[in-house]
Amino acid sequence: MTLQLTLTILLNGLTLAALYFIVASGFSLIFGLMRTVNMAHGSLYMVGAYVGYAVFEPLYDQDVWYAWYVGLVAGMAIAAVLGVAMQKTVLGWMQGQELRQALVTIGISIIVADQLLANFGATSRQFFAPDAIFGASFVPGVGRYPTFRLFQIGVAIAVGIGLWLLLNRTKVGLMIRAGVDDRDILSACGVNVPLVNIVVFALGAALAGLGGVIGATAQPLAQGVDGRFLLISLVVVIVGGMGSITGTAIGAILVGLAEQVGQALFPTYSVILTFVIMVVVLALRPQGIMGRAR
Amino acid sequence: MTIRVSRRRALQGAGALAVAAATLKAPAIAQNAPIRIGSVATLEGPFATGGQDAYRAMEMLFQAENMTIGGRRIEWIRESSNAQADVALARARKLIEQDNVDFIIGPLSGAEGIALKDYSATLNGKTIINGGSGAADTTLRNPSRNFFRFNTDGTQWMAGLGTYVRRTLNVSEVTIVAGDYAFPYAQVFGFSLEFCRLGGKANYLWAPLGTTDFASQIAQIPRSSGALVVVHGGTDGLAFMTQYAQAGGNLPLIGGSIMADATMMSARGPHRRLMVGMVSGGPVADVIDDPQWNDFVARYKRMPGAFPSPSIHAVNFATNTMAAILALKQVNGDLSGGQAAFQRALQGLKFKAPTGAEVSLDHNRHAISDVFLNRIEERNGQPTTVAFQRATQINQTLGVPEAQFLALGAPSRNNPGCVAAS
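So the protein sequences, as listed, match chains P and G.
Using this note's numbering, read the first sequence as starting at 1 and increasing by one per residue.
Using this note's numbering, read the second sequence as starting at 1 and increasing by one per residue.
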């Protein structure tokens, strides 16, 4: 394998990891702070992508430059609204009952998937990236490389830094972190904990929607991607450690690299590599690489 | 764990349910009827569009019979799979064992077909008629007496394509990117057999069905390749072509049979630009100069949600459904006696497929029929496949004597059929 090919494959792994990070960070945020295992996270991804596309397509037909950006915002908004609705109507009153929440969210994901199939049909769709980030750019050591994949890395870094600042430098972040340690005391201090939960859920869901639109620009959007991205999110946060943003980033990089390196070296069995990583991490460090032992 | 539900909560919940009931879509409920026909197609997974279209074509044909054959009403039970063999098998078992259907039409994808062929061999007095699956070994090796296939297979669909690339395009080395399962094995085998026999050299890159990110495989395509043969389909094909376009790929493209299909070309995306000019082989094209085909397309277009032209899956399912209807008519809807008369009627059928191609079965109950070489042209702003060459009455071994063909071994990732002429 030449150096250039090796570098290309590594960069492919990193750009894929960026997409996985964007999606999984929302999942990790919701779990880490609320202990809600949201099995409908993939559905939020898919709803964001489909609704974003429904907004994007007519604008694209009119050839306006901002079509993709409007689609992106619409996808994030609808995912956030759906997330808040889920938290408010079903998950809120079973707070702390993890198994019940997991089962309910699985049920929601099945309903959402069938509704999307009924409304949008099974035809594959794909966003067209705006001209500014379509095409190829020159990357030293690699040569011409799809610009959109580089853009994915930029978005992922922005999401990571944004989340870190939010959690560590703002009052809301202070409340969220306090809630992780002791909800009852936080509530006794006069903080509206259910409202904090809703804010966190909206944020996590919006990240899934963001991932949905970015993902549907890099790869085709079709029925069934919800399950795929839920599985990836689960693997990423299990490897990285539940609730840790840094851990999610490490998990995403490991899974992304494993998938691309596997595809280059032994394509037929590349799927196994991801799970080998998970098995090894769980055997040596059950709480995940950056997870806190409890 | 206890949950206390207040009256207000209960009312809110009831209200939400009422809103949901009014706005959500619910499935229709089937009615009872005497001939029970089950079907398996992919309404999930990478070939979801193809599965939907297959059912569209079947519905059209059953409706044309007024849902009645030989005085018996047809009860059609539709099942869905996701292109995985185990799922197709489970759904077929459900149809036979729980729904008690008389016969099954399906499945759609290669490995599923092999699974259902094996299952059909264990049945007594039941028949499985293929839907659209095109793996060679479904009928070639170890065939089942209860399994009938009226569509040609993936190997047959490549008839003439290898010769076209080597001779007409004068390309001496190609790279073949293909899905890692039974159907692409058959297609790659058919292509390589001709191409390598004429002195061509082929490189192979396999990827599992359901791959969404092909970037690292695209990076591995050797620079010495004179053309790229893409044997992916459904969303895999779409993902590959999009990412190939994004990576700035510009090799001449040769397509497998499910690449140049309505499924791919009705999807919007950057892949379309690359696909104009692509040459492919297959049992169908959008434009075929044949009155039977034009009539079929006109009827198809009246179906709700129809594509501008029926997909390959719709045409294959239609061909097999036509066979089932013709045989049922011959026996006047009589499926008694372990379906012996029905199966005899199927074996003896000779009819014209929707494309106008004559179809008959060989001794393995597999189709002998015509295949087309197609080119994608831009017509009325739409990419359209146009048949420019027809190979008539191609059999399953591409004219090679059966014993000799079988001696080449089963098509697989390690046996892609590239044997140079000695």
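Using N, Cα and C, we set each Cβ at its ideal position, and we do this for glycine too.
None of these values were measured; they are calculated from a predicted model.
Does the separation of the CB atoms of residue i and residue j fall below 8 Å?
{"i": "G/Lys126", "j": "G/Phe103", "result": "yes"}
{"i": "G/Gly399", "j": "G/Ser192", "result": "no"}
{"i": "G/Val297", "j": "G/Pro283", "result": "no"}
{"i": "G/Ala397", "j": "G/Phe388", "result": "Looking at the sequence shown, residue 397 of chain G is not Ala but Thr. Result no, Cβ atoms of G/Thr397 and G/Phe388 do not sit closer than 8 Å."}
{"i": "P/Leu207", "j": "P/Ile22", "result": "yes"}
{"i": "P/Ala80", "j": "P/Ala202", "result": "yes"}
{"i": "G/Gly256", "j": "G/Met278", "result": "no"}
{"i": "P/His41", "j": "P/Phe27", "result": "yes"}
{"i": "P/Met175", "j": "P/Val239", "result": "no"}
{"i": "G/Ile69", "j": "G/Gly333", "result": "yes"}
{"i": "P/Gly215", "j": "P/Ala24", "result": "no"}
{"i": "G/His313", "j": "G/Leu108", "result": "yes"}
{"i": "G/Val174", "j": "G/Val165", "result": "yes"}
{"i": "G/Thr242", "j": "G/Pro270", "result": "yes"}
{"i": "P/Ile232", "j": "P/Gln87", "result": "no"}
{"i": "G/Phe342", "j": "G/Ala323", "result": "no"}
{"i": "P/Arg125", "j": "G/Arg268", "result": "yes"}
{"i": "G/Phe240", "j": "G/Phe214", "result": "yes"}
{"i": "P/Val47", "j": "P/Leu7", "result": "no"}
{"i": "G/Gly154", "j": "G/Gly179", "result": "no"}
{"i": "P/Gly291", "j": "P/Gly251", "result": "no"}
{"i": "G/Ala88", "j": "G/Leu61", "result": "no"}
Using the Cβ count rule (16 or more neighbours within 10 Å means buried), how would you classify residue i?
{"i": "G/Glu65", "result": "exposed"}
{"i": "P/Ile185", "result": "exposed"}
{"i": "P/Cys189", "result": "exposed"}
{"i": "G/Pro222", "result": "exposed"}
{"i": "G/Ala14", "result": "exposed"}
{"i": "P/Ser244", "result": "buried"}
{"i": "G/Ala247", "result": "buried"}
{"i": "P/Leu91", "result": "buried"}
{"i": "G/Arg375", "result": "buried"}
{"i": "G/Glu112", "result": "buried"}
{"i": "G/Ile218", "result": "buried"}
{"i": "G/Ile146", "result": "Rather than Ile, the amino acid found at residue 146 of chain G in this sequence is Asn. G/Asn146 is buried by the Cβ-count criterion."}
{"i": "G/Ser225", "result": "buried"}
Can you pull the chain G residues whose beta carbon is under 7 Å from the beta carbon of residue i, in chain order?
{"i": "P/Val271", "result": "Pro208"}
{"i": "P/Gly48", "result": "Neighbours of P/Gly48 on chain G: none; closest Cβ ~17 Å, over 7 Å."}
{"i": "P/Ser43", "result": "Chain G residues near P/Ser43: none, gap ~14 Å exceeds 7 Å."}
{"i": "P/Phe27", "result": "Correct list: empty, because the minimum Cβ distance to chain G is about 19 Å."}
{"i": "P/Phe148", "result": "Gln246"}
{"i": "P/Leu5", "result": "Ala219 and Gln220"}
Anything in chain G within Cβ reach of residue i, meaning under 8 Å, just list it in chain order.
{"i": "P/Leu16", "result": "Asp213 and Ala215"}
{"i": "P/Ala122", "result": "Leu43, Ala48, Thr49, Gly51 and Gln52"}
{"i": "P/Glu259", "result": "Asp213"}
{"i": "P/Asn12", "result": "Asp213, Ala215, Ser216 and Ala219"}
Keeping to the same chain, check which residues put their C-beta closer than 6 Å to that of residue i; ignore five residues upstream and five downstream.
{"i": "G/Tyr366", "result": "The sequence shown places His at residue 366 of chain G, not Tyr. Cβ neighbours of G/His366 beyond the five flanking positions: Thr139, Arg149 and Gln396."}
Name the chain P residues whose beta carbon is nearer than 7 Å to that of residue i?
{"i": "G/Gly45", "result": "Gly224"}
{"i": "G/Gly249", "result": "In chain order: nothing, as chain P lies at least about 10 Å away."}
{"i": "G/Thr235", "result": "Ser124, Pro220 and Ala222"}
Looking only at its own chain, which residues have a Cβ that is under 7 Å from the Cβ of residue i, when we skip the five neighbours before and after it?
{"i": "P/Gly256", "result": "Gly13, Leu14, Leu16, Ala17 and Tyr20"}
{"i": "G/Ala159", "result": "Gly190, Gly281, Val371, Ala391, Ile394 and Leu398"}
{"i": "P/Ser109", "result": "Met39, Ala40, Gly42, Ser43 and Asp226"}
{"i": "P/Leu59", "result": "Ala67 and Val70"}
{"i": "G/Arg7", "result": "none"}
What residues in its chain sit with their C-beta under 8 Å from that of residue i, if we drop five residues either side in the sequence?
{"i": "P/Leu11", "result": "Val139, Val142, Tyr145 and Arg149"}
{"i": "P/Trp164", "result": "Ile245"}
{"i": "P/Ala158", "result": "none"}
{"i": "P/Pro267", "result": "none"}
Closer than 9 Å by beta-carbon distance: list the chain P residues that pair up with residue i, in chain order.
{"i": "G/Asp180", "result": "Pro267 and Thr268"}
{"i": "G/Ser39", "result": "The premise fails here: G/Ser39 is roughly 16 Å from chain P at the closest Cβ pair, so nothing lies under 9 Å."}
Residues of chain A with CB closer than 8 Å to the CB of residue i, please, in chain order.
{"i": "G/Ser257", "result": "In summary, chain A is missing from the structure at hand, where the protein chains are P and G."}
Show which residues of chain P have a CB atom less than 8 Å away from the CB atom of residue i.
{"i": "G/Thr242", "result": "Gln126, Gln219 and Pro220"}
Kindly list, in the order they appear in chain G, the residues whose Cβ is closer than 9 Å to that of residue i.
{"i": "P/Ala77", "result": "Ordered by position in chain G, no residue passes the 9 Å Cβ test against P/Ala77, which lies about 20 Å from the chain."}
{"i": "P/Thr36", "result": "In chain order: nothing, as chain G lies at least about 15 Å away."}
{"i": "P/Ala216", "result": "Per Cβ cutoff of 9 Å: no residues; P/Ala216 is ~10 Å from chain G at best."}
For a minimum of 4 consecutive residues, which ranges assigned as the alpha helix (DSSP H) are wholly contained in the segment 213 to 260 of chain G? Along the segment 213 to 260 of chain G, the alpha helix (DSSP H) occurs as fully enclosed runs of 4 or more residues at 215 to 219 and 234 to 246, listed in sequence order.
Would you mind listing the beta strand (DSSP E) stretches within the segment 167 to 221 of chain G that are 3+ residues and don't spill past its ends, in chain order? List check, beta strand (DSSP E) in window: 173 to 179 and 201 to 207.
Secondary structure, alpha helix (DSSP H): runs of 4+ residues fully inside the segment 228 to 265 of chain P: You should have 245 to 265.
Fully enclosed by the segment 173 to 221 of chain P, which beta strand (DSSP E) runs are 3 residues long or longer? Entirely contained in the segment 173 to 221 of chain P, not one beta strand (DSSP E) run reaches 3 residues.
Give the list of continuous beta strand (DSSP E) stretches no shorter than 3 residues that lie fully inside the segment 267 to 328 of chain G. The segment 267 to 328 of chain G is shown to contain whole beta strand (DSSP E) runs of 3 or more residues at 279 to 282, in chain order.
Whole runs of the beta strand (DSSP E) within the segment 105 to 148 of chain G, excluding any shorter than 3 residues: When DSSP assignments are scanned along the segment 105 to 148 of chain G, the uninterrupted stretches of beta strand (DSSP E) that are 3 or more residues long and fall wholly within it turn out to be 127 to 129.
Length at least 4, wholly inside the segment 36 to 69 of chain G: the alpha helix (DSSP H) runs in chain order: The DSSP assignment places complete alpha helix (DSSP H) segments of no fewer than 4 residues inside the segment 36 to 69 of chain G at 48 to 64, in order along the chain.
Please specify which runs of the beta strand (DSSP E), each continuous and at least 3 residues long, are wholly inside the segment 92 to 155 of chain P, giving them in chain order. Positions of the beta strand (DSSP E) runs, each at least 3 residues long and wholly inside the segment 92 to 155 of chain P, are given as 136 to 139 and 143 to 146 in order along the chain.
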